[in-house]
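What follows is a single structure, written as structure tokens, with notes after it.
Number of protein chains: 2
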Amino acid sequence: MEELDHRIVQLLAQDGRLSYTDLGKATGLSTSAVHQRVRRLEERGVLRGYRAIVDHEAAGMPLTALISVTPVDPAAPDDIPDRLRHLTEIDSCFSVAGEESYVLEVRVGTPGDLELLLARVRAAANVTTRTTVVLSTPWEDRSPLAAGESTA
Amino acid sequence: MEELDHRIVQLLAQDGRLSYTDLGKATGLSTSAVHQRVRRLEERGVLRGYRAIVDHEAAGMPLTALISVTPVDPAAPDDIPDRLRHLTEIDSCFSVAGEESYVLEVRVGTPGDLELLLARVRAAANVTTRTTVVLSTPWEDRSPLAAGESTA
DNA sequence: TGTGAAAGGCATTCGAT
DNA sequence: ATCGAATGCCTTTCACA
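What follows is the structure, encoded as structure tokens:
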């Protein structure tokens, strides 16, 4: 990825609503030039979309936890993500190397909600769980970009 | 939070670039009414900003890992997040309950980069680490919202 | 890839309800 | 709180280099 595109991605990762006009000023390109570059970045899948960042506390989901998941039956076909996808409290689902198979990042309102969620996770996917409660989040979602090489 | 605001937040969490016009159509409000509500949600801190979602692979950071961090000296004052903040590969930093003190979500380009990052984490914060490599990510960042209660 | 201009849409403000 | 209208700015497209 070229330096100019890199810059554009970086700026949009910080402020997804930057206008093409401002993006042009920031990069020294014309409005239509940045517009074209952004379109291409979207088509290539580098820019996968735009989202509002919601405060979890304000959204009524102040409790974050990490749930490590192990299948009860290691011989069963692994469709665990499919079995868990309907649980909307699961923010992210990672398949991991290590003792456990998956790590789930979840958001709930209360410890009671977490207890219920764990029961639903175990029931839906036939797994055991090990849960780590998040006490505070010094920072989150900084979306790092590679420094300056080409991946053309 | 009221039902209408909830809906607005949900829509913007999915598409942060939705126009107020479209938001109005989706909620049955006028453009200026949704505009005012969004402004208030931003002021209250419910909507914390807008970001472009960047594909990690395309951004040159295809390797994700979770690093559990334990202080070498439990008596030392805990300024670990401050000591780690400059490491831009760290996407998120969670303070957690459990055997370890923090869990870091990191993105790097290669296993070699991960090795270097671990050395920098240990040196910067005087900690030991336990690393879990992410093999694949069935999904990520769904930003769940509380279902339907009032938090006015 | 880049530019600049033209057209239409949208954000933003305001007075009224 | 909501609406509808008015004004600029912005997006989007197009002809051209």
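So the sequence lines, in the order shown, correspond to chains Z and Y. The first sequence begins at 32 in this note's numbering and counts up one residue at a time. The second sequence begins at 32 in this note's numbering and counts up one residue at a time. Ideal Cβ positions, reconstructed from N, Cα and C, are used throughout, including at glycine.
Cα-Cα separation, Ala96 (chain Y) to Thr58 (chain Y): For the purposes of this step, residue 96 (chain Y) is taken as residue 65 along the second sequence, with counting starting at 1. For the purposes of this step, residue 58 (chain Y) is taken as residue 27 along the second sequence, with counting starting at 1. Approximately 40 angstroms between the Cα atoms of the pair.
Chain Y residues whose Cβ lies nearer than 7 angstroms to that of Glu120 (chain Z): The sequence position of residue 120 (chain Z) within the first sequence is 89, counting from 1. Those are Pro175, listed as they occur along chain Y.
For Asp144 (chain Y), the first and last residue of its enclosing beta strand (DSSP E): Against the second sequence, residue 144 (chain Y) aligns to sequence position 113. In the DSSP assignment, Asp144 (chain Y) falls outside any beta strand (DSSP E) and within the unbroken alpha helix (DSSP H) covering Pro142 to Ala156.
Length at least 4, wholly inside the segment 32-76 of chain Y: the alpha helix (DSSP H) runs in chain order: Within the segment 32-76 of chain Y, the complete alpha helix (DSSP H) runs of at least 4 residues are 34-45, 51-58 and 62-75.
Per-residue DSSP class, three states only, for Asp104 (chain Z): Here residue 104 (chain Z) is taken as the residue at index 73 of the first sequence, counted from 1. Looking at Asp104 (chain Z) - three-state DSSP - the assignment turns out to be coil, as it is neither helix nor strand.
CB contact below 7 angstroms: Ala90 (chain Y) versus chain Z: Within the second sequence, the letter at position 59 stands for residue 90 (chain Y). Chain Z, which has a Cβ nearer than 7 angstroms to the Cβ of Ala90 (chain Y), makes this yes.
Leu118 (chain Z) versus Glu136 (chain Y): straight-line alpha-carbon distance, rounded: Taking the first residue of the first sequence as position 1, residue 118 (chain Z) is located at position 87. Taking the first residue of the second sequence as position 1, residue 136 (chain Y) is located at position 105. Distance between the alpha carbons of Leu118 (chain Z) and Glu136 (chain Y): 22 angstroms.
Partner residues on chain Z for Asp172 (chain Y), Cβ-Cβ distance less than 7 angstroms: In the second sequence, the residue the question calls residue 172 (chain Y) occupies position 141. Those are Asp122 and Ser123, listed as they occur along chain Z.
Beta carbon of Ser123 (chain Y) nearer than 7 angstroms to that of Tyr133 (chain Y): Position 92 of the second sequence, counted from the start, is the residue given in the question as residue 123 (chain Y). Position 102 of the second sequence, counted from the start, is the residue given in the question as residue 133 (chain Y). The answer is no: Cβ separation not under 7 angstroms.
Contacts around Val65 (chain Y), its chain only, beta-carbon distance under 8 angstroms, and the 5 residues preceding and following it disregarded: Stepping through the second sequence from its first residue, residue 65 (chain Y) is reached at position 34. Closer than 8 angstroms at the Cβ level, and outside the excluded window around Val65 (chain Y), lie Ile39, Tyr51, Leu54, Gly55 and Thr58.
Limits of the unbroken alpha helix (DSSP H) element including Leu115 (chain Z): Stepping through the first sequence from its first residue, residue 115 (chain Z) is reached at position 84. For Leu115 (chain Z), the enclosing alpha helix (DSSP H) has its first and last residue at Ile111 to Leu115.
Contacts that Leu43 (chain Z) makes with chain Y (C-beta to C-beta distance below 7 angstroms): The residue labelled residue 43 (chain Z) in the question sits at position 12 within the first sequence. Under the 7 angstroms cutoff, chain Y gives Ala83.
Burial state of Ser181 (chain Z), where buried means 16 or more other Cβ atoms lie within 10 Å: Translated into positions along the first sequence, residue 181 (chain Z) becomes position 150. Note on Ser181 (chain Z): pLDDT 46, under 50, position unreliable in the model; the coordinate value appears next. Flag for Ser181 (chain Z) reads exposed.
Positions along the segment 123-137 of chain Z whose CB lies within less than 7 angstroms of some CB in chain Y: Of all residues in the segment 123-137 of chain Z, only Ser123, Cys124, Phe125, Ser126, Val127, Ala128, Gly129 and Val134 come within less than 7 angstroms of chain Y when Cβ atoms are compared, listed by chain position.
Alpha-carbon to alpha-carbon, Arg71 (chain Y) and Asp113 (chain Z): Here residue 113 (chain Z) is taken as the residue at index 82 of the first sequence, counted from 1. Here residue 71 (chain Y) is taken as the residue at index 40 of the second sequence, counted from 1. Cα to Cα, Asp113 (chain Z) sits roughly 37 angstroms from Arg71 (chain Y).
Buried or exposed (CB count within 10 angstroms, at least 16 for buried), Ser63 (chain Y): As a working mapping, residue 63 (chain Y) is identified with position 32 in the second sequence. Ser63 (chain Y) is exposed by the Cβ-count criterion.
Residue closest to Arg138 (chain Z), alpha-carbon to alpha-carbon, out of Z:Asn157, Z:Thr162, Z:Gly129 and Z:Ala128: The residue you call residue 138 (chain Z) lines up with position 107 of the first sequence. Of Z:Asn157, Z:Thr162, Z:Gly129 and Z:Ala128, the residue nearest in Cα terms is Z:Thr162.
Three-state class that DSSP yields for Glu118 (chain Z) in the structure shown: Mapped onto the first sequence, residue 118 (chain Z) falls at position 87. For the record, residue 118 (chain Z) in the displayed sequence is Leu; it is not Glu. If DSSP states are grouped into helix, strand and coil, Leu118 (chain Z) belongs with coil.
Short CB-CB distance (under 7 angstroms) between Ala183 (chain Z) and chain Y: Within the first sequence, numbered from 1, the residue matching residue 183 (chain Z) stands at position 152. Low confidence applies here, because Ala183 (chain Z) scores a pLDDT of 36, under 50, leaving its location unreliable and the question unanswered by this model.
Rounded C-alpha distance that separates Leu60 (chain Y) from Glu73 (chain Y): What you label residue 60 (chain Y) is simply residue 29 of the second sequence in a count that begins at 1. What you label residue 73 (chain Y) is simply residue 42 of the second sequence in a count that begins at 1. Between the alpha carbons of Leu60 (chain Y) and Glu73 (chain Y) lies a distance of about 18 angstroms.
As assigned by DSSP and simplified to three states, the class of Arg79 (chain Y): Here residue 79 (chain Y) refers to the residue found at position 48 of the second sequence. Assigned with DSSP and collapsed to three states, Arg79 (chain Y) falls in strand.
Enclosing beta strand (DSSP E) for Arg138 (chain Y) [first to last residue]: The residue labelled residue 138 (chain Y) in the question sits at position 107 within the second sequence. Unbroken beta strand (DSSP E) run through Arg138 (chain Y): Tyr133 to Val139.
Cβ-based burial, Val103 (chain Z) [other Cβ within 10 Å; buried from 16]: Numbered from 1 along the first sequence, position 72 holds the residue referred to as residue 103 (chain Z). So Val103 (chain Z) counts as exposed.
Residues within the segment 146-171 of chain Z neighbouring chain Y, beta-carbon criterion of under 8 angstroms: Result list: Thr163, Val164, Val165, Leu166, Ser167, Thr168, Pro169, Trp170 and Glu171.
Where Ser99 (chain Z) falls: helix, strand or coil (DSSP): Position 68 of the first sequence holds residue 99 (chain Z). If DSSP states are grouped into helix, strand and coil, Ser99 (chain Z) belongs with the strands.
Cβ-Cβ distance between Ser99 (chain Y) and Glu131 (chain Y) below 7 angstroms: Locating residue 99 (chain Y) in the second sequence gives position 68, counting from the first residue. Locating residue 131 (chain Y) in the second sequence gives position 100, counting from the first residue. Cβ distance < 7 angstroms, so Ser99 (chain Y) and Glu131 (chain Y) count as in contact.
Environment of Ser167 (chain Z) [buried if 16+ CB atoms lie within 10 Å]: Numbered from 1 along the first sequence, position 136 holds the residue referred to as residue 167 (chain Z). For Ser167 (chain Z), the number of other beta carbons within 10 angstroms of its own is below 16, and it is reported as exposed.
Euclidean distance between Cα positions of Arg82 (chain Z) and Thr159 (chain Y): What you label residue 82 (chain Z) is simply residue 51 of the first sequence in a count that begins at 1. What you label residue 159 (chain Y) is simply residue 128 of the second sequence in a count that begins at 1. In a straight line, the C-alpha of Arg82 (chain Z) is about 35 angstroms away from that of Thr159 (chain Y).
Alpha-carbon to alpha-carbon, Ala90 (chain Z) and Asp144 (chain Z): On the first sequence, residue 144 (chain Z) is found 113 positions in, with the first residue counted as 1. On the first sequence, residue 90 (chain Z) is found 59 positions in, with the first residue counted as 1. Distance between the alpha carbons of Asp144 (chain Z) and Ala90 (chain Z): 15 angstroms.
Met184 (chain Y) versus Y:Leu78, Y:Gln67 and Y:Thr141, residue with shortest Cα-Cα distance: The question about residue 184 (chain Y) has no answer, for chain Y in this structure spans 32 to 183.
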